[in-house]
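Student: Numbered according to UniProt numbering, the sequence shown spans residues 1 to 172. First, the structure itself, so that you have it in front of you.
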Amino acid sequence: ELDQQQQGEEQHGEELGEGRSRHIRNYKATIGVLLRSGAAPSIARMPTATEGDRLSRGMVLTEYATVLSELSEVVMSAINAALAPQRDHSMLLARLLPLAPHHDGAHPHPSPSNMAFGPHEAEAIAWKIGAFLHEPPAAVAAIDQYLIGESVLRRRVKAAVGHFVKSAATHT
């Protein structure tokens, strides 16, 4: 009978542990959504009087670090998506430009010859031509999917990504 009572207590403890784990997972998910939608935790204003307050504060700070870590991956993915068309087309153009016929002489043109480029000139020219093909809206859309609310963080990240994409696309 004592054995059965211990088994019952263990099972009840496992059920409580499972319920607590589910509650913590839900709490973390809620914190993540709030942070992604623009809620910024003020560490100085978070209560620390009780052990529960300190645990909650620690959980919020951990989730905030997770959101910021994921944000860097989202930003890099957004930048790559925005520059992918330019990168793809400029690589193709860099291979094709040296093969393009051109005329070096006055009128009437002599027979066409292949273009001569110095080291990396074809790549630089191709990148400049490809600058017309970058897609800034792709970067903005990726940021909008991750940061879901109107917030200072979202506005700043979108501005920074837009500036970076424009700079990367138009400068060699």
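All C-beta atoms in this analysis are idealised placements derived from N, C-alpha and C, irrespective of residue type, glycine included. Fair warning: this is a prediction, and the values are worked out from it, not measured in the lab.
(1) Classify VAL152 as buried or exposed, calling it buried when 16 or more other Cβ atoms lie within 10 Å of its own Cβ.
(2) If you compare alpha carbons, which of ILE79, ALA65 and GLY38 is closest to GLY149?
(3) Can you give me the C-alpha to C-alpha distance between ARG95 and PHE132, rounded to a whole angstrom?
(4) Please say whether LEU83 and ALA126 have beta carbons closer to each other than 8 Å?
(5) Which whole-angstrom value describes the C-beta separation of VAL60 and ARG36, a residue pair presumed to lie in contact below a C-beta threshold of 8 Å?
(6) Can you give me the C-alpha to C-alpha distance between PRO136 and ALA122, rounded to a whole angstrom?
(7) In terms of residue numbering, what span does the alpha helix (DSSP H) encompassing GLY130 cover?
(8) Would SER90 be called buried (16 or more neighbouring beta carbons within 10 Å of its own) or exposed?
(9) Out of ALA49, ALA78 and ILE31, state which residue places its alpha-carbon closest to the alpha-carbon of residue 175.
Tutor: On the basis of the data shown:
(1) Residue 152 sits at position 152 when you count from the first residue of the sequence shown. Answer is exposed; the Cβ neighbour count stays below 16.
(2) Counted from its first residue, the sequence shown places residue 149 at position 149. Residue GLY38 is the option with its Cα nearest to GLY149.
(3) Within the sequence shown, the letter at position 95 stands for residue 95. Within the sequence shown, the letter at position 132 stands for residue 132. Looking at the two C-alpha atoms, the distance is approximately 18 Å.
(4) Locating residue 126 in the sequence shown gives position 126, where the first residue counts as 1. Locating residue 83 in the sequence shown gives position 83, where the first residue counts as 1. No, the pair does not count as a contact, with Cβ atoms beyond the cut-off.
(5) Counting from 1 along the sequence shown, the entry for residue 60 is found at position 60. Counting from 1 along the sequence shown, the entry for residue 36 is found at position 36. With 8 Å as the limit, VAL60 and ARG36 do not qualify as a contact, their Cβ atoms being about 13 Å apart.
(6) The residue given as residue 136 occupies position 136 in the sequence shown. The residue given as residue 122 occupies position 122 in the sequence shown. Rounded to the nearest angstrom, the two C-alpha atoms are 24 Å apart.
(7) Position 130 of the sequence shown, counted from the first residue, corresponds to residue 130. 121-130 is the span of the alpha helix (DSSP H), which, as asked, contains GLY130.
(8) Taking the first residue of the sequence shown as 1, we reach residue 90 at position 90. SER90 should be labelled buried.
(9) Any answer about residue 175 is impossible in this case: the structure gives the chain only from 1 up to 172.
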